[in-house]
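Line by line, the protein sequences are chains A and B.
Each residue of the first sequence is one higher than the one before, starting from 431 at the first, in the numbering used here.
Each residue of the second sequence is one higher than the one before, starting from 152 at the first, in the numbering used here.
Ideal Cβ positions, reconstructed from N, Cα and C, are used throughout, including at glycine.
No experiment lies behind these values; they were computed from the predicted model shown.
Single-structure report; data block below.
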Amino acid sequence: MAPTDETGRFARLLGLPGLDEGALARLRAARVHVVGGGEVAGPALLALAQAGVGTLYLDDGEDATLADGRTWLCTPEQAGQPRALAVREALRAVSALTTVRLHATGVRPSATLVCSESQGTATMAAERARTTGIPHVVVLATSDGGDVVTVPVGAPCVRCASRPGAGAQARGGVAAAMGSLGALELLLLLTGLVPRGAGRRVELKDGRFEATATERRPGCDCAVVY
Amino acid sequence: MAESTALVIGAGSLGGPAALVMAGAGVGRLLLADGAITGPADLSAQPALAEADVGRPRAAALAGRVARLFPEVACEAVEAPRAPGLLAALVARADVVVHASADAEVAFAANDAALAAGKPLVHGGVIALSAQVLSVVPGQTGCLRCLFEGPPPGGPAPGQEAPILGPLAGLAGSLMGQEAVRLLSGLAATYGGRLLTYGARAGQGRLVPVRRRPGCPACGAGGAAPSEPPGSPPAAPGAA
Chain A
431 MAPTDETGRF ARLLGLPGLD EGALARLRAA RVHVVGGGEV AGPALLALAQ AGVGTLYLDD
491 GEDATLADGR TWLCTPEQAG QPRALAVREA LRAVSALTTV RLHATGVRPS ATLVCSESQG
551 TATMAAERAR TTGIPHVVVL ATSDGGDVVT VPVGAPCVRC ASRPGAGAQA RGGVAAAMGS
611 LGALELLLLL TGLVPRGAGR RVELKDGRFE ATATERRPGC DCAVVY
Chain B
152 MAESTALVIG AGSLGGPAAL VMAGAGVGRL LLADGAITGP ADLSAQPALA EADVGRPRAA
212 ALAGRVARLF PEVACEAVEA PRAPGLLAAL VARADVVVHA SADAEVAFAA NDAALAAGKP
272 LVHGGVIALS AQVLSVVPGQ TGCLRCLFEG PPPGGPAPGQ EAPILGPLAG LAGSLMGQEA
332 VRLLSGLAAT YGGRLLTYGA RAGQGRLVPV RRRPGCPACG AGGAAPSEPP GSPPAAPGAA
């Protein structure tokens, strides 16, 4: 069986309750802008490619380092190269079904996943997605967990839903877990396995997970910008 | 950490991320046990596998990928883990055991073997849109048999692949790898004696206390772990 045989490849997804061929088609049609290319973004990118997302736009300006094996995508031989190129090479080996491109001005993503290690960059990327009118998921990872905020079109923005960053950046298993959670939340949204209009924040802290519906902060203009 | 050895039972959607996290944290040696051959369905949920791996033994494919990303980590693929007595031998070489297979009988065999050897165990499971993680610390926490006593009747056959969403397995597998790293570092396990269950649709987790059950044949006071049945698994598993 050829690796690109979609029936065998996605058999485990199609066994999920509520996930049908229509949901797979939506994933194939999705064009996802992924901001970041580090330890949080790497597992997320792999998950999106493996789930059959049609197009990924890589948005990462860093060079790969010897420590970037922890992205699960970059080998030590690629240290010094633009990390986005190393990531693209690895993702192309994972799935020929996904088109992997470098993000550039003018591309038209249908969704955004923000995995930046800087909260400022994350907020800016989320705002760009919101004002463009596309759904987005923002991973705000810290050393012991963090938040993943899902913002469907029209839902409270990430500024309403997030709290001030709490300390050191996520590394290792925590970073990978948060990246995976970000990809999970985006896939749930794209496939329609969760209600499309509702925003939520999933928090991981001290090993505990908790989801809360997001609420618009009084005075925030995110309700009227579109 | 570089002197530590971790045994990962199952090289599928949980074992892959767990192994990658441990390798990234500097665990010196990984024993990767899995008897399956990489199939197309693995490509939707195992982050260490690529299209070129289809048809290769899954343990070897995972070991190869880990070695390319982390050349300083020694990876040993165990591709015929059903050999009698092999599970106990592998557990004896390990400082921590990570159970990441989808086979409930293997889960209990791993539980018993780890407790018999006095080794900590990190257990994980994922099916459909829910995932579980539990750490078992010998002499301190309850174990799988304290929770369930034994494998459920009529469970999935070895090799049968349950429906899953890849990043949910990535989430659970990453947490499992992180647990193993904490245990190897001498830190308290986040899920020691408490079972995490996470439901992706609701985004909610629950922590269920797992106390030592008096009379538990694996970890209860005065109890002895059931011996490994001759000729039966350590099998590694179908896909998790």
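- Considering only beta carbons, the part of the region 330-346 of chain B lying closer than 7 Å to chain A consists of Val332, Thr341, Tyr342, in chain order.
- Short of 7 Å from the beta carbon of A/Ala653, and not among the five residues preceding or following it, lie these beta carbons of its own chain, in chain order: Arg646.
- Contacts between B/Leu298 and chain A, judged by CB atoms closer than 7 Å, are missing: the closest CB pair is about 18 Å apart.
- Comparing alpha carbon positions, the residue from A/Glu640, A/Arg626, A/Cys650, A/Ala494 closest to B/Ala351 is A/Glu640.
- With 16 or more other Cβ atoms from the protein chains shown falling within 10 Å of its own Cβ, A/Phe440 counts as buried.
- Counted as a single uninterrupted DSSP element, the alpha helix (DSSP H) harbouring A/Ser610 occupies residues 602-621.
- CA-to-CA, the gap between A/Gly448 and A/Pro625 works out to about 12 Å.
- Taking A/Leu486 as reference, the option from A/Ala526, A/Gly575, A/Gly622 with the minimal CA-CA separation is A/Ala526.
- Burial state of B/Gly175 is buried, judged by a 10 Å Cβ sphere holding 16 or more other Cβ atoms.
- In this chain, the beta strand (DSSP E) harbouring B/Gln355 covers 355-360.
- For A/Val567, the enclosing beta strand (DSSP E) stretches over residues 566-572.
- A/Ala606 and B/Val229 do not touch by the CB rule: their CB atoms are close to 24 Å apart, not below 8 Å.
- A distance below 8 Å separates the beta carbons of A/Ala477 and B/Gly321.
- Cβ neighbours of B/Pro271 within its own chain (closer than 6 Å, five residues either side excluded): Val247, Val288, Leu334.
- B/Ala239 and B/Glu256 have their C-alpha atoms some 15 Å from each other.
- With the criterion set as a beta carbon lying under 8 Å from some beta carbon of chain A, the members of the region 213-231 of chain B are Arg219, Leu220, Phe221, Pro222, in sequence order.
- Straight through space, the alpha carbons of B/His274 and B/Ala253 are spaced by roughly 11 Å.
- Residue contact check for B/Glu202 against chain A: a CB pair falls below 8 Å.
- Taking all protein chains in view, the Cβ of B/Phe221 is crowded by 16 or more other Cβ atoms within 10 Å, so the residue is classified as buried.
- Fewer than three Cβ pairs drawn from the region 501-513 of chain A and the region 540-555 of chain A lie within less than 8 Å of each other, which leaves the two stretches out of contact.
- Bridge partners of B/Lys270 according to DSSP: none are assigned.
- For A/Ser525, the residues of chain B that pass the 8 Å Cβ criterion are Leu194, Glu202, in the order they occur in the chain.
- At a cut-off of 8 Å between beta carbons, B/Pro168 contacts chain A.
- Assigned with DSSP and collapsed to three states, B/Gln329 falls in helix.
- For A/Arg461, the closest alpha carbon among the candidates A/Asp493, A/Thr542, A/Leu619 is that of A/Thr542.
- By the CB criterion at 8 Å, A/Gly563 and A/Val583 fall inside the cutoff.
- Taking C-beta separations shorter than 7 Å and ignoring five residues to either side along the sequence, the partners of B/Ala231 in its chain run Gly186, following chain order.
- A/Arg630 and A/Ala600 have their C-alpha atoms spaced approximately 21 Å apart.
- Legend: CB atoms of the region 439-453 of chain A lying less than 9 Å from CB atoms of chain B belong to residues Arg439, Phe440, Ala441, Arg442, Leu443, Leu444, Gly445, Leu446, Pro447, Gly448, Leu449.
- With respect to the C-alpha of B/Cys370, the residue from B/Ala258, B/Thr189, B/Gly290 having the closest C-alpha is B/Gly290.
- In terms of Cβ geometry, A/Leu570 and B/Leu319 do not form a close pair [threshold 8 Å].
- With respect to the 8 Å criterion, A/Val530 and A/Arg522 are classified as neighbours on the basis of their beta carbons.
- A/Glu640 reaches chain B at Gly354, Gln355, Gly356, counting residues in chain order whose Cβ is nearer than 9 Å.
- Inter-segment contact for the region 358-370 of chain B and the region 198-212 of chain B is absent: fewer than three beta-carbon pairs are separated by less than 8 Å.
- Going by beta carbons, A/Pro565 and A/Leu618 fall outside the 8 Å limit.
- Taking a Cβ-Cβ cut-off of 7 Å, the neighbours of B/Ala351 in chain A comprise Leu614, Leu618, given in sequence order.
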